[in-house]
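Numbering (our numbering), first residue to last: 164 to 411. From the three backbone atoms N, C-alpha and C, an ideal C-beta is built for every residue, glycine too. Here's the structure, in C-alpha cells; my notes come after.
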Ligand code: ADP
C-alpha cells in the first residue's frame with residue numbers, strides 16, 4: 164500500500180546569499196504520524212519550518228500539502244489550510260488567564276465577532292470548549308491563573324492548547340521540550356503523544372530520548388540534507404547518523 168502523505172517537500176532548496184541552508188530536501192510526513200526532524204545545530208531545521216509556514220520563500224523545489232502545491236502561497240493561506248506552528252502563531256498573552264488565552268484562540272479559529280459570544284448560549288459553548296481543551300492538556304485546575312504565573316513546563320501545555328484551538332490538520336512543534344527539567348520533559352512528551360494520537364505532528368526536537376519515545380518517523384538533517392529517514396530503531400543504527408549526530 165502506498166503511503167498517505169499529508170505533507171511532502173520535493174527537492175526543497177533555500178539559499179541565503181549563496182549559502183545553501185536547505186539543499187534538496189525531500190520530506191514525507193505521513194498522515195496521523197508524529198514525525199521528528201532532528202540534526203545538529205545549523206543543519207537547516209528551522210529554515211525548513213520557516214519554508215513550510217511560508218515565512219521564507221524557497222529558492223527551488225515544491226511543498227505539497229494534501230495533494231495541493233502550496234509553494235507559492237502566503238503564510239495566512241497555509242494557516243487556513245490547517246498547518247499551524249505552535250509557539251509562534253499562537254503566542255500567549257501573559258497577563259490574561261489561561262482560560263482567557265484559550266478562549267481567544269477559539270474565537271480567532273472560528274473567526275466569529277465578539278458580538279456572537281454575547282448570547283449566553285454561545286458564551287457557554289465557548290467556555291465549555293475552552294475547558295475541554297484545557298482538560299486535554301491537563302491545565303483544567305490552572306484555568307484561572309494568568310499565563311505568566313504558570314510554571315515554565317506548563318506554559319508549553321498552554322501553547323499546545325491554543326494551537327489545538329485552531330484545530331490544525333498538521334501541527335508543527337518547535338523544540339517543545341527546550342530548556343526544561345526532566346519532570347517537565349516527561350510531562351510534555353506524554354502530552355505530545357496524547358495529542359498526536361489523533362492528529363499529525365511534525366516536530367523539531369533535540370532530545371533523542373523524547374524522539375525515541377514518541378516519533379513514528381525521524382528525518383535526520385545534516386548540512387541541509389536528509390541523511391536518514393525512518394523509525395528510531397532504524398535511524399539510530401545508521402552509521403552516518405551515529406557519526407554526525409550522536410557523536411560516536
Ligand atoms: P537549525 O535550525 O538546524 O539549527 P537553521 O535552519 O537555523 O539550522 O540554519 C541553517 C543554516 O542557515 C545555518 O548555517 C544558519 O546560519 C543559516 N541561516 C539561517 N537563516 C539565515 C538567514 N536569514 N541568513 C543567512 N543565513 C541563515
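Rounding to the nearest angstrom, what Cα-Cα distance links residue i and residue j in this structure?
i	j	result
residue 182	residue 333	29 Å
residue 201	residue 320	22 Å
residue 227	residue 283	42 Å
residue 326	residue 272	9 Å
residue 304	residue 184	44 Å
residue 274	residue 328	12 Å
residue 358	residue 177	31 Å
residue 169	residue 336	16 Å
residue 210	residue 281	42 Å
residue 318	residue 196	24 Å
residue 339	residue 165	31 Å
residue 214	residue 370	23 Å
residue 180	residue 265	40 Å
residue 376	residue 398	14 Å
residue 363	residue 388	23 Å
residue 394	residue 400	10 Å
residue 356	residue 314	21 Å
residue 256	residue 294	17 Å
residue 208	residue 331	21 Å
residue 194	residue 343	29 Å
According to DSSP, what are the bridge partners of residue i?
i	result
residue 346	Answer by DSSP bridge pairing: none, since residue 346 is not bridged.
residue 171	191, 227
residue 178	183
residue 246	333
residue 268	Paired residues: none, contrary to the question.
residue 393	381
Go ahead and pull the three-state DSSP assignment for residue i.
i	result
residue 388	strand
residue 375	helix
residue 274	coil
residue 209	helix
residue 202	coil
residue 259	coil
residue 295	helix
residue 309	strand
residue 380	strand
residue 219	coil
residue 367	strand
residue 323	helix
residue 233	coil
Checking contacts by CB at 8 Å: is residue i closer than that to chain E?
i	result
residue 227	Absent from the structure is chain E; it holds one protein chain and no more.
Pocket of the ligand ADP (residues with CB nearer than 6 Å to any heavy atom), chain order: So the residues near the ligand ADP by this Cβ test are 179, 182, 184, 202, 204, 205, 206, 207, 208, 209, 210.
With a threshold of 8 Å, are at least 3 pairs of Cβ atoms found where one atom belongs to the segment 215-222 and the other to the segment 301-318? Fewer than three beta-carbon pairs drawn from the segment 215-222 and the segment 301-318 are found closer than 8 Å, and the two stretches are therefore not classed as touching.
Taking three-plus beta-carbon pairs below 8 Å as touching, is the segment 224-243 in contact with the segment 398-409? Output reads no: the segment 398-409 does not touch the segment 224-243.
Hey, is the segment 240-247 in contact with the segment 284-293, meaning 3+ C-beta pairs nearer than 8 Å? Three or more Cβ pairs closer than 8 Å define a contact, and the segment 240-247 falls short of that threshold against the segment 284-293.
Touching or not, the segment 344-359 and the segment 382-397, by the rule of three or more beta carbon pairs under 8 Å? Judged by Cβ distances under 8 Å, the segment 344-359 makes no contact with the segment 382-397, as fewer than three pairs qualify.
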